[in-house]
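Going left to right, the sequence shown walks through residues 6 to 354 as our numbering numbers them. Every residue, glycine too, gets a C-beta built ideally from N, C-alpha and C.
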Amino acid sequence: MPIKLTATTISLLAALSTAGLAQADQPHNTANAISLDENHPDSFRHFSAELPKMRERAAQINTDFGLHVSEIEKGLFFVTDLVYQSAFLVTDAGVVVFDAPPSFGEGLRKAIQIAAPNKPITHLIMSHGHSDHNGGGHMFADIANLEILAARQVAETLDRHPLKGVPNPTRTFEDALELDIGGVPISLRTTTFHAEDTDVLIYLPAQKFLMAIDTITPGEVPFMNFGATTDITGYLESFDTFLAYDFDHFLSGHVSVLGTRQDVLTTRDYAFDVRDTVLGLMPSFDAHVMDGLSAVEFQNANLAYRYAMERIRDTCAAEIVDRWQDELSVVDLWADSHCETLVLFQIMH
């Protein structure tokens, strides 16, 4: 049966819907849909530009096939199309590829040919099984005797949900695997911070190179919901795992910037700030629910609950944007999703 709201209730709801925004003293609510209409209250023009210090670090396309390719350590090459990232290692035994994003097209094969002419591609190591990072594995399907390495859980997922044209892993491992390919040590370790099954940390100790995909975006706050993680606890705990390694280069899979140890530290501090801000606001959650219930005359508990969640989220986002807008890019774009992720987590825990 439809619920009839009185004029008083409707006016109270209108006040509730704007209370959090007014308190936050923001010109717009970043959780709203973005409009391309310059005159709309949620126009894209209300969002901050990327910080100059981030833009200065951005890689530039330096090939005629749409990729940036650079040798970051002897034999170790960083590759990006400015949205996705990958790497490959040239050894005496052949070339090892770390992830194959489909957005690269045939460019990755061309980059390898330029960097290591006549060297065979011997290994493809998968960080995880998501299509946007390894759906380009079909580009290597024609290579005879190619060894494709993945964690056992990833291989099982791919067996149930194969990536189109991508060969199945030929070698799997459980918790960790130590490799020596052409005299270069490579360490693989399973952990959880993003994928629904497992993630693989890829570490090259001689090159001080650590690869952890879908974690941070150097120079920016993380993508929405902390890199769309399926495990917020694992995500927050992952920073200690990363920082236990001795690394200078951190490849996180997205944007054009190759990360550093400082980028990991900065993102850790940002993520923990969001967590602590939400924790500080959650004691007022029940009071917000009661305000909402009173406004709807106890006729729509879901509406009251949503109001409480949005009140905490928006207050958190306003504080986070204020503290981080000069430190990391796009904080006003994603802070609301980070706050909401932690609000939901705290409600369930």
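Sixteen is the threshold: since fewer than 16 other Cβ atoms of the shown chains lie within 10 Å of the Cβ of Ala-211, the residue is exposed. For Leu-206, the three-state secondary structure derived from DSSP is strand. A distance below 8 Å separates the beta carbons of Ile-126 and Val-100.
Here Arg-114 has Met-144 as same chain residues with Cβ atoms under 7 Å from its own Cβ, once five neighbours each way along the sequence are excluded.
Taking C-beta atoms under 8 Å as the contact rule, Gly-187 and Ala-98 qualify, at a distance of about 3 Å.
Under DSSP, Ile-130 takes part in a beta bridge, and its partners are Phe-103, Leu-154. Rounded to the nearest whole angstrom, the CA to CA distance from Glu-201 to Asp-236 is 8 Å. Beta-bridge partners of Ala-249 (DSSP): none assigned. Contact between Val-262 and Arg-62 is confirmed by a C-beta separation of about 5 Å, below the 8 Å threshold. A direct Cα-to-Cα measurement between Met-59 and Asp-219 gives close to 19 Å. For Ser-299, the enclosing alpha helix (DSSP H) starts and ends at 290-300.
Shown here, Pro-190 sits in a strand according to DSSP, grouped into three states. Phe-228 and Asn-305 have their C-alpha atoms roughly 33 Å apart.
At a Cβ-Cβ threshold of 8 Å, His-133 and Glu-152 do not count as neighbours. Per the coordinates, the alpha-carbon of Phe-303 lies some 19 Å from the alpha-carbon of Ser-289. Ranked by how close their Cα comes to the Cα of Ala-54, the residues Asp-42, Phe-277, Leu-333, Ile-317 have Leu-333 in first place.
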